[in-house]
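First to last, the protein sequences are chains A and B.
The first sequence begins at 6 in the numbering used here and counts up one residue at a time.
The second sequence begins at 17 in the numbering used here and counts up one residue at a time.
Every residue gets a Cβ at the ideal spot worked out from N, C-alpha and C, and that includes glycine.
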Amino acid sequence: MATLTYRDALNQALREEMERDPDVFLMGEEVGVYQGAYKVSRGLLDAFGPMRVVDTPITELGFAGVGVGAAMVGLRPVIEFMTWNFALLAIDQLVNSAAKMRYMSGGQVGVPAVFRGPGGAALQLGAQHSQAFESYYAHIPGLKVVMPATPADAKGLLKSAIRDDDPVVFIEGEMLYNIKGEVPEGEHVIPLGQADIKRPGRDVTIICHSKTVSVALKAAEQLAAEEIDAEVIDLRTIRPLDTAAVLESVARTHRCVVAEEGWPFAGVGAQVVDTIQREAFDELDAPVLRVTGADVPMPYNKQLEKAAKVDPAKVAAAVHSVLYRD
Amino acid sequence: MAGTVTPKPRARRSGLDPSRADEYRSWLRQMVLIRRFEEKAGEAYSLGKIGGFCHLYIGQEAVAVGSLAALRPDDYITCSYREHGHALARGITSRAVMAELFGKAPGCSGGKGGSMHLFDASLGFLGGHGIVGGHIPLTTGMAFAAKYRNTDQVAVCYFGEAAVNNGAFHEALNMAALWKLPAIYICENNRYGMGTALERASAIYDISERACSYDMANEVVDGQDVLVMHAAMERAVERARKDKHPTLLEVRTYRFMGHSMSDPIHGHYRTREEVEDQRKRDPIAVWSQRLIEAGLMDQAAVKALDKEVLEEVDDAYQFADQAPDPAPDALFADVYVRS
Chain A
6 MATLTYRDAL NQALREEMER DPDVFLMGEE VGVYQGAYKV SRGLLDAFGP
56 MRVVDTPITE LGFAGVGVGA AMVGLRPVIE FMTWNFALLA IDQLVNSAAK
106 MRYMSGGQVG VPAVFRGPGG AALQLGAQHS QAFESYYAHI PGLKVVMPAT
156 PADAKGLLKS AIRDDDPVVF IEGEMLYNIK GEVPEGEHVI PLGQADIKRP
206 GRDVTIICHS KTVSVALKAA EQLAAEEIDA EVIDLRTIRP LDTAAVLESV
256 ARTHRCVVAE EGWPFAGVGA QVVDTIQREA FDELDAPVLR VTGADVPMPY
306 NKQLEKAAKV DPAKVAAAVH SVLYRD
Chain B
17 MAGTVTPKPR ARRSGLDPSR ADEYRSWLRQ MVLIRRFEEK AGEAYSLGKI
67 GGFCHLYIGQ EAVAVGSLAA LRPDDYITCS YREHGHALAR GITSRAVMAE
117 LFGKAPGCSG GKGGSMHLFD ASLGFLGGHG IVGGHIPLTT GMAFAAKYRN
167 TDQVAVCYFG EAAVNNGAFH EALNMAALWK LPAIYICENN RYGMGTALER
217 ASAIYDISER ACSYDMANEV VDGQDVLVMH AAMERAVERA RKDKHPTLLE
267 VRTYRFMGHS MSDPIHGHYR TREEVEDQRK RDPIAVWSQR LIEAGLMDQA
317 AVKALDKEVL EEVDDAYQFA DQAPDPAPDA LFADVYVRS
């Protein structure tokens with residue numbers, strides 16, 4: 006198995022899917038000549054030409070709509086947003102066009118498109134370039150929301166997303182592009198909607214996704230030194246949510262912490278907690294706690310930014326709390 | 017067709033081509049069908065048979081009929097939410113459209129779309145869309161797909177003049193021109209975006225001039241004359257199909273009814289006199305008169321056609337009224353492919 010960066014794993018998935026299916030094309034800002042703002046599309050223009058690797062003007066609403074329209078007549082667009090911050094300009098196309106087309110056409114017209122790009126808190130990029138939007142899209146029936154945390158998952162989930170017949174919001178971790186990991190070669194496809202136990206444990210379940218997976222794993226290491234054995238569950242797909250995996254783990258550990266980069270109000274964690282209290286109330290030995298980004302726009306100042314973000318210490322503190330060890 | 021008459025030499029003097037008489041008469045039939053259908057829909061709305069919003073197309077019939085007649089069955093069409101007329105002109109049956117307005121299972125969108133979301137994928141009729149301007153980029157995407165697959169299909173988008181002040185319009189037309197896509201953007205300029213006159217919303221009044229920003233072919237078209245509309249559309253289709261260049265058509269037309277069923281015919285934003293004045297150029301009267309003067313139809317034939325259409329619309333109404341609601345499990349169907 007080759008060791009690849011998260012970025013190159015995504016690149017490999019794109020390349021393989023474009024080789025496999027001539028209906029797959031990539032469109033977005035700087036995906037071609039520039040080789041991708043984050044170099045995810047490096048080499049693809051040379052390999053597939055300008056009809057399949059399409060540079061667009063800076064017009065998120067416009068090219069998201071072009072992707073939806075092309076998908077409505079059977080192509081399989083991969084629409085790259087330079088970041089999900091900019092995709093807010095296109096949210097009408099994702100919510101009102103992509104998500105609803107199949108339903109409001111009585112099942113006649115689907116939108117097999119992937120909308121992808123980096124999201125989540127970055128480093129000192131300030132309020133408008135450093136935020137997590139998965140709860141926005143996960144709120145919408147008709148969309149699927151996928152957020153890989155490792156290079157192997159990035160490849161396997163992107164391949165699934167491209168093959169999926171529904172519109173998929175694929176949010177990559179902006180801080181994850183350089184991480185490395187082993188990635189299976191060739192046909193490595195991970196079904197959407199399946200969580201993954203990234204670290205098995207007995208004492209507490211930490212539920213996380215994307216960047217917070219590495220945060221939770223670091224917290225788990227620290228907790229291990231205190232003889233607290235934490236299980237880390239990576240949701241991988243936010244919608245559809247793998248509730249079975251969550252409940253199965255909570256039934257074993259009886260304590261749970263949910264970590265996410267987004268804001269607390271109506272966040273992904275709120276949905277997970279709702280599921281647990283409805284389906285596994287009797288299993289719980291403590292209230293489920295959430296660790297989220299601070300309920301503020303992201304500040305630029307380094308110390309303030311650190312205070313706003315989820316980190317291993319905050320996750321560990323929440324774990325202490327659900328174990329009544331604080 | 018019952019009551020039609022043999023073309024006479026005076027057809028040529030009228031500028032009409034007698035060899036196309038059947039086509040001309042079919043346009044009249046489609047326009048009358050749309051008119052009578054919309055009148056019936058208005059009636060059904062008043063009776064509470066149709067819910068939500070209902071935007072009638074009365075006054076604009078020649079635009080949909082003249083332009084859609086220039087397309088091929090494999091072309092793509094998207095519309096705004098004032099699309100009953102386009103759906104009928106494209107060939108969705110009056111039963112399926114009326115049933116959709118009634119929210120019934122045999123409706124063209126299974127009763128789950130409603131007046132604003134009529135679809136028939138088999139006819140390339142890819143939706144009425146409810147967000148002003150939102151479907152314009154979709155059409156650019158369909159034109160992109162035609163180019164991508166190297167077919168000679170064209171993609172056509174209908175929208176009102178109020179949409180041109182919207183970013184989606186600009187973004188979609190810029191890309192279509194930049195990439196030389198076979199798209200035709202038909203702006204139905206009926207003078208009012210809901211109650212806001214063009215002059216109160218747009219810094220320039222000649223919408224066709226907007227195309228200059230994209231170096232795009234454009235034309236101003238009299239939308240009350242079905243023949244003029246058809247000829248302009250044929251030019252645009254040729255440009256798209258053969259030359260792969262998009263076109264913006266600004267079609268001057270007029271909405272004889274209110275914006276929707278909740279809006280009175282003239283409201284506070286236009287005068288009764290203006291509406292009455294515009295009604296003098298009723299596209300159906302203009303065209304039937306033309307056919308009569310050319311000797312391609314007579315009064316009796318026009319009357320017979322109207323009667324036949326009224327029967328069709330009555331049948332559609334009865335069909336829709338008696339049709340079943342969608343099954344309860346339709347609520348959760350078609351959210352996803354497997355749902």
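- VAL296 of chain A and ALA323 of chain A do touch by the CB rule: their CB atoms are close to 5 Å apart, below 8 Å.
- Cβ neighbours of SER355 of chain B within its own chain (closer than 8 Å, five residues either side excluded): PHE348, ALA349.
- Counting only residues of its own chain and dropping the five nearest sequence neighbours on each side, TYR43 of chain A has a CB closer than 7 Å to the CB of ARG12, PRO123, TYR182.
- Under a criterion of Cβ atoms nearer than 8 Å, the residues of chain A adjacent to VAL351 of chain B are, in order, ARG107, TYR108, PRO146, GLY147.
- At least one beta carbon of chain A lies nearer than 8 Å to the beta carbon of GLY183 of chain B.
- Contact of THR167 of chain B with chain A by beta-carbon distance below 8 Å is absent, the smallest such distance being about 10 Å.
- In this structure, the beta-carbon distance from PHE272 of chain B to ARG295 of chain B falls below 8 Å.
- Between the stretch 180-192 of chain B and the stretch 162-170 of chain B, the count of C-beta pairs closer than 8 Å stays below three; the two stretches do not touch.
- Per DSSP, the continuous beta strand (DSSP E) segment holding GLU85 of chain A begins and ends at 81-85.
- Residues of chain A with a Cβ closer than 8 Å to the Cβ of LYS128 of chain B are, in chain order, TYR108, MET109, GLY111.
- According to DSSP, residue pairing for CYS173 of chain B in a beta bridge involves B:THR94, B:TYR201.
- Neighbours of ALA188 of chain B across chain A, judged by C-beta separation under 7 Å: GLY67, GLY70.
- Collapsing the DSSP output to three states places ILE202 of chain A in a strand.
- If you look at ASP60 of chain A, you'll find it in the beta strand (DSSP E) that goes 58-60.
- Among the CB atoms of chain A, none fall inside 8 Å of the CB of SER30 of chain B.
- Restricting attention to A:ASP170, A:LEU228, A:GLY178, A:ASP158, the CA atom closest to the CA of ILE195 of chain A is found in A:ASP158.
- Proximity of SER140 of chain A to chain B, defined by a Cβ-Cβ separation below 8 Å, is not satisfied.
- Non-local beta-carbon contacts of ASP234 of chain A in its own chain, meaning distances under 6 Å to residues more than five positions away in sequence, involve GLY206, ARG207, ASP208 in chain order.
- At least 8 Å separates the beta-carbon of MET87 of chain A from that of ALA127 of chain A.
- The three-state secondary structure of ASN306 of chain A, taken from DSSP, is coil.
- If only complete runs of 4 or more residues are kept, the stretch 273-328 of chain B shows the alpha helix (DSSP H) at 288-295, 299-309, in order along the chain.
- Annotated three-state conformation of PHE185 of chain B is helix, per DSSP.
- Annotation: Cβ neighbours of MET56 of chain A in chain B (cutoff 7 Å, chain order): TYR164.
- The C-alpha of LEU197 of chain A is placed about 16 Å away from the C-alpha of CYS213 of chain A.
- Contact between the stretch 80-99 of chain A and the stretch 125-144 of chain B is absent, with fewer than three C-beta pairs closer than 8 Å.
- The beta-bridge partner set that DSSP reports for PHE175 of chain A consists of A:ARG121, A:VAL151.
- With a beta-carbon spacing of about 13 Å, VAL291 of chain B and HIS284 of chain B fall beyond the 8 Å limit used to define contacts.
- A straight-line Cα-Cα distance of about 43 Å links SER218 of chain B and GLU266 of chain A.
- The DSSP-derived three-state label of TYR73 of chain B is coil.
- Taking the Cα of ALA343 of chain B as reference, the smallest distance to any Cα among B:GLY123, B:ASP38, B:MET313, B:GLN76 is reached at B:GLY123.
- DSSP, reduced to helix, strand and coil, places THR8 of chain A within a strand of the structure shown.
- Look at the beta carbons and you see the stretch 127-141 of chain A not touching the stretch 141-161 of chain B: under three pairs across the two are nearer than 8 Å.
- Within the DSSP bridge table, the entry for ASN234 of chain B names B:LEU264 as partners.
- As summarised for the stretch 231-286 of chain A, the continuous beta strand (DSSP E) elements at least 3 residues long and confined to that stretch are 235-239, 242-244, 261-264, given in chain order.
- The Cβ atoms of GLY107 of chain B and LEU87 of chain B lie no closer than 8 Å to each other.
- DSSP, reduced to helix, strand and coil, places PHE138 of chain A outside both helices and strands of the structure shown, so it counts as coil.
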